[in-house]
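All remarks here apply to the structure that follows.
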């Protein structure tokens, strides 16, 4: 199927698939498709349905988002996709069913229960680092900071070998499970303004860390979003394993 034409030369769907694979995007696109189809199938098996009004509203919203205000615009859109009206409505219905099932799987009760049993996972710290070229220099930097002669941020701007030095060494907020095990243990056990290190890096340089701030786990919107994604992924992995998915 032709998907475009460049300088009179057609670009077909086989070329598109090859390009997606070579660019590393194919697995993400296929993964999204599989996840929606699998979730919609599970929703139907569970007895969930989409009403005519729900489908019509979703179609109207989709057309509005894509600027398909006229029938002629919608027809051109479908022709370009090589799809029929039935294909289009099935696509919209699958999305609605998948959303309905995930609303059940990732209910507010499920989110709150997960948070209570995994509270530590959602504690975070804001950290910074400094990278220097030798252990002696690293220990000198640590001594200056601990003695109060220099600030961590000031030393990062002055001597750090990496670009985060310009922002005072700031890495940002990190959660448990995102750092190497030994470093994570030290970071989450540290108090604000503690200096950790030096740690030798693979390239022979030495890294120093500091904890700028600590945040206790709270069930705010950011955390709810993280839990919602985590529970969705866990459900999908289980469903894919039970049903069997091959790419």
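Numbering (my numbering), first residue to last: 30 to 276. We treat Cβ as the ideally placed atom computed from N, Cα and C, and that holds for glycine.
Using only alpha-carbon positions, find the residue among the options that is nearest to residue i.
{"i": "residue 159", "options": "127, 266, 210, 197", "result": "197"}
{"i": "residue 106", "options": "71, 235, 32, 205", "result": "32"}
{"i": "residue 9", "options": "170, 219, 45, 134", "result": "For residue 9 there is no data in the structure shown, the boundaries of the chain being 30 and 276."}
{"i": "residue 75", "options": "129, 247, 87", "result": "129"}
{"i": "residue 223", "options": "182, 191, 267", "result": "182"}
{"i": "residue 154", "options": "186, 138, 201, 180", "result": "201"}
{"i": "residue 34", "options": "109, 212, 97", "result": "109"}
{"i": "residue 243", "options": "70, 220, 66", "result": "220"}
{"i": "residue 191", "options": "30, 143, 112, 162", "result": "162"}
{"i": "residue 125", "options": "90, 101, 113", "result": "90"}
{"i": "residue 241", "options": "264, 250, 216, 252", "result": "216"}
{"i": "residue 144", "options": "264, 269, 266, 260", "result": "260"}
{"i": "residue 132", "options": "71, 165, 56, 98", "result": "71"}
{"i": "residue 147", "options": "270, 177, 245, 104", "result": "245"}
{"i": "residue 250", "options": "141, 211, 212, 218", "result": "141"}
{"i": "residue 199", "options": "63, 98, 149, 180", "result": "180"}
{"i": "residue 270", "options": "113, 228, 63, 213", "result": "63"}
{"i": "residue 149", "options": "98, 114, 218, 38", "result": "218"}
What's the gap between the Cα of residue i and the Cα of residue j?
{"i": "residue 40", "j": "residue 123", "result": "29 angstroms"}
{"i": "residue 233", "j": "residue 195", "result": "22 angstroms"}
{"i": "residue 68", "j": "residue 204", "result": "29 angstroms"}
{"i": "residue 175", "j": "residue 247", "result": "31 angstroms"}
{"i": "residue 208", "j": "residue 169", "result": "25 angstroms"}
{"i": "residue 93", "j": "residue 139", "result": "33 angstroms"}
{"i": "residue 226", "j": "residue 236", "result": "7 angstroms"}
{"i": "residue 117", "j": "residue 73", "result": "18 angstroms"}
{"i": "residue 88", "j": "residue 186", "result": "53 angstroms"}
{"i": "residue 206", "j": "residue 95", "result": "39 angstroms"}
{"i": "residue 100", "j": "residue 136", "result": "38 angstroms"}
{"i": "residue 82", "j": "residue 43", "result": "37 angstroms"}
{"i": "residue 268", "j": "residue 230", "result": "40 angstroms"}
{"i": "residue 172", "j": "residue 253", "result": "41 angstroms"}
{"i": "residue 85", "j": "residue 79", "result": "10 angstroms"}
{"i": "residue 51", "j": "residue 111", "result": "24 angstroms"}
{"i": "residue 55", "j": "residue 36", "result": "26 angstroms"}
{"i": "residue 285", "j": "residue 264", "result": "Outside the modelled stretch of the chain, which goes from 30 to 276, sits residue 285, for which no answer is possible."}
{"i": "residue 103", "j": "residue 119", "result": "15 angstroms"}
{"i": "residue 164", "j": "residue 53", "result": "39 angstroms"}
{"i": "residue 212", "j": "residue 193", "result": "19 angstroms"}
{"i": "residue 77", "j": "residue 258", "result": "21 angstroms"}
{"i": "residue 57", "j": "residue 210", "result": "28 angstroms"}
Are there 16 or more other CB atoms within 10 angstroms of the CB of residue i, so buried, or fewer, so exposed?
{"i": "residue 151", "result": "buried"}
{"i": "residue 48", "result": "exposed"}
{"i": "residue 156", "result": "buried"}
{"i": "residue 304", "result": "The displayed coordinates of the chain run from 30 to 276. Any statement about residue 304 would go beyond what the structure contains."}
{"i": "residue 189", "result": "buried"}
{"i": "residue 121", "result": "buried"}
{"i": "residue 272", "result": "exposed"}
{"i": "residue 239", "result": "buried"}
{"i": "residue 167", "result": "buried"}
{"i": "residue 184", "result": "buried"}
{"i": "residue 266", "result": "exposed"}
{"i": "residue 17", "result": "This structure does not reach residue 17, given that the chain is present from 30 up to 276, and the question cannot be answered."}
{"i": "residue 127", "result": "buried"}
Who pairs with residue i in a beta bridge, going by DSSP?
{"i": "residue 159", "result": "237"}
{"i": "residue 244", "result": "153"}
{"i": "residue 225", "result": "238"}
{"i": "residue 201", "result": "156"}
_Threshold first: 3 residues or longer. Then list the beta strand (DSSP E) segments lying entirely within the segment 30-76, N to C._
31-35, 38-41
*asked:* Extract the residue ranges of the alpha helix (DSSP H) inside the segment 109-196, only unbroken runs of 4 or more that lie entirely within it.
replied: 114-134, 137-146, 164-175, 181-188
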